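Remarks on the structure that follows.
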Amino acid sequence: MNGRPAQDGSQHRQTTTRRGHVGVCTFPAYAHIAPAVPLMTELVRRGHRVTCFVTERFAELARSSGAEAVVYPSRFPWADGPTGSAVENILAFFEEAIAPLETALARFDGDRPDVLAHDLAASEAARLLARAWDVPVLQLCPTIASGPGFSMSDRQSQEVTGPPPEPIDPHDPAIAEFVARKGRLFTEHRLDGSPLDGFGAEHGDNIVFLPKAFQPAAETFDDRFAFVGPCLADPSDDAAPDTGGWQPPDGRRVVLLSLGSSYTPDQAAFLRFCIQALADSPWHVVVTLGHRVTADELGPLPANVETHQWLRHPEVLRHAAAFITHAGMGSVMESVAHGVPMVLVPFHIDQRVIARQAADLDLGRVLLRESADPAALRTAVDEVVNGSRAAAAVAAMRRHVREAGGASRGADVVEGLMRRPERPRTHHAPPTEVTHP
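In our numbering, the protein residues as written are 68 to 504.
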């Protein structure tokens, strides 16, 4: 990346940068949007305009950054994930990747951006427009990155259990219909390329929201990948309802338990299992439920367990001795940033990859849900709470998180793309200068 900061996160950017316009295409899932919000906040703080394309559900979260939130129509089944055939499922992701296109064309008419950023699962609208307008495109990666020396897709395939995935027939009529329909859309707007051209390919520059020390095969990634670490916002900026602050009880070490926001089957049953396994333990257990489970589904609680529909995890993690987590990347990074070792209980295959990487780095213990028993869970918690190996590894990774640069370094990367050679501009107003520290 021309003009990008050093890989170690040191700050080499200029003090004066032309005020720019950044477009951001998102994928409708909290774990994908939340990592980018502090980055957008920092860009707005520096005087840049940010236009963020989101579904209605996440519009307020985008606006909280100071960005302009532009709602685009989405039919992606975010609640439970795609549940159709293999072809229907993959096409659901393809549809979503192109879904912001017409909304973006209308919004950017006469006001084109200087940089187009996109989530790794929402790439195609941004890539098409960047190619048509000759503007830099930047991928925002909220999880382990894929590159020349590591494929997340291949690694996930190794975690598949049970029957092999249903093969996809490239001649399926649904694929032909999708290609024809999107081809007409591209022709209408004079956009080059096939509707399936480039899906899953490398797309140039990348911001990866984890420290390079967590990335598998990190030595194979060049400077097209800026590992900025988690862009952790102040807890007061969290999108969850205000809880008034959480304080730990006296006399017990705290264990946080959360299974995240993504859909998993039998979530209430697994939470009940964990609660029963930790009943009468020496730990005070704090459980966050989210929007998929209610307290009534858990039944009577042991004296050492409290539940919350919503609770800002940093409020608990700053007091916690361990975090029992589904191994979503956001939760793993938040735990490491607070110096808390983990018991990782993944369900989805991407979570299994993340969990095994965390365990390989001695940041916690993996406990697969299908083989877990109460004694194993209690033993795993005891090992990470009292073991010196996990404590040392988490402390080291915490330093890597702090040194990665976060939102500030991510904004430096975006500004570096803005400083590439000038292209014809279509902004209504001439560019201005903004000076920041």
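Just so you know, even glycine gets a beta-carbon here, dropped at the ideal spot from N, CA and C.
Just so it is clear, the structure is predicted and the values come from calculations on it, not from any experiment.
Supposed close pair residue i, residue j - CB separation, criterion 8 Å
| i | j | result |
| --- | --- | --- |
| G473 | V353 | G473 to V353, Cβ: 26 Å. No contact. |
| F217 | T287 | 6 Å |
| V182 | L444 | The pair is not a contact, with the Cβ atoms about 46 Å apart (cut-off 8 Å). |
| V275 | A212 | 5 Å |
| E401 | L428 | Not really, about 16 Å apart at Cβ, beyond 8 Å. |
| L32 | A478 | One cannot answer for residue 32 here, as it falls past the ends of the chain, which runs 68 to 504. |
| V451 | A442 | Not really, about 15 Å apart at Cβ, beyond 8 Å. |
Residue j beta carbon less than 9 Å from that of residue i
| i | j | result |
| --- | --- | --- |
| G406 | V461 | yes |
| W350 | V448 | yes |
| L430 | V399 | yes |
| V480 | A388 | no |
| M219 | T228 | no |
| F125 | P95 | yes |
| V111 | A136 | no |
| F390 | L323 | yes |
| R116 | V89 | yes |
| C298 | V104 | yes |
| M396 | L205 | no |
| F161 | F253 | no |
| L207 | H185 | yes |
| N371 | A346 | yes |
| A471 | G327 | no |
| T93 | F175 | no |
| S141 | E163 | yes |
| E373 | R339 | no |
| H415 | S329 | yes |
Three-state secondary structure (DSSP) of residue i
| i | result |
| --- | --- |
| W350 | strand |
| G76 | At G76, the pLDDT of 47 sits below 50, so the modelled position is not reliable; the number obtained from the coordinates is stated separately. DSSP places G76 in coil when its eight states are reduced to three. |
| H375 | strand |
| G431 | strand |
| L110 | helix |
| L484 | helix |
| F294 | strand |
| V154 | helix |
| H415 | coil |
| I342 | helix |
| S325 | strand |
| R436 | helix |
| I274 | strand |
| G87 | coil |
| L172 | helix |
Inter-residue Cα distance where the pair is residue i and residue j
| i | j | result |
| --- | --- | --- |
| G87 | V138 | 21 Å |
| P144 | D317 | 43 Å |
| H256 | A193 | 14 Å |
| R85 | V468 | 29 Å |
| M409 | L187 | 26 Å |
| V226 | H358 | Correcting the residue identity first, residue 226 is Glu in this sequence and not Val. Their Cα atoms are separated by approximately 27 Å. |
| L368 | P413 | 24 Å |
| H495 | L196 | Caution is warranted here: a pLDDT of 33 is assigned to H495, below 50, making its placement in the model unreliable, and the coordinate value is therefore given only provisionally. Taking the straight line from one Cα to the other gives about 19 Å. |
| H375 | G214 | 39 Å |
| A171 | F120 | 8 Å |
| V433 | P231 | 23 Å |
| R487 | W200 | 14 Å |
| R423 | H386 | 25 Å |
| L258 | E191 | 12 Å |
| C341 | S325 | 10 Å |
| E440 | K279 | Per the sequence presented here, residue 440 reads as Asp, with Glu not at that position. Approximately 34 Å, taken between the alpha carbons. |
| L411 | A293 | 26 Å |
Buried/exposed call for residue i, threshold 16 Cβ in 10 Å
| i | result |
| --- | --- |
| R379 | buried |
| D272 | buried |
| I165 | buried |
| S438 | exposed |
| R222 | buried |
| D417 | buried |
| G366 | exposed |
| S475 | buried |
| S224 | exposed |
| H393 | buried |
| R419 | buried |
| E233 | exposed |
| D333 | exposed |
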